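> The opening position of the sequence shown corresponds to residue 50 in our numbering, with each subsequent residue numbered one higher.
Cβ coordinates follow ideal geometry from the N, Cα and C atoms, glycine included.
Since this is a predicted model, take the numbers as computed values, not measurements.
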Amino acid sequence: MNIKCTLIKLVGSLVLSPILVYAVLVIARAFGASYDMSHGEAFIVWLLMAILISQCVCCSSRKK
50 MNIKCTLIKL VGSLVLSPIL VYAVLVIARA FGASYDMSHG EAFIVWLLMA
100 ILISQCVCCS SRKK
């Protein structure tokens, strides 16, 4: 297991997930929808988005 790759995936997914969630909310608000999220809902969505992002990112440790 590559520790550097794992830490980059973890930090990257935790940073990108709220950005993506709020981007979706801003786009929805621009089209007239209104979403109110409590702190608990925002936390759950943040974690689920972080898991999704971390599953989509792959680090290759192949050395040539």
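In three-state DSSP terms, what is A82?
Residue state, collapsed to three classes: coil.
> Quick one: any contact between the stretch 50-63 and the stretch 74-91, if contact means 3 or more CB pairs under 8 Å?
No contact exists between the stretch 50-63 and the stretch 74-91.
> Using the rule of at least 16 other Cβ atoms within 10 Å of the residue's Cβ for burial, across every protein chain shown, is A79 buried or exposed?
So A79 counts as exposed.
> Look at the Cβ atom of L59, then the Cβ atom of M98, and state whether they are nearer than 7 Å.
Contact flag unset, no.
> Spatial neighbours of L74 within its chain, please: C-beta separation below 7 Å, excluding the five flanking residues on both sides.
If we look at L74 and ignore the five residues flanking it on each side, its Cβ neighbours are Y84.
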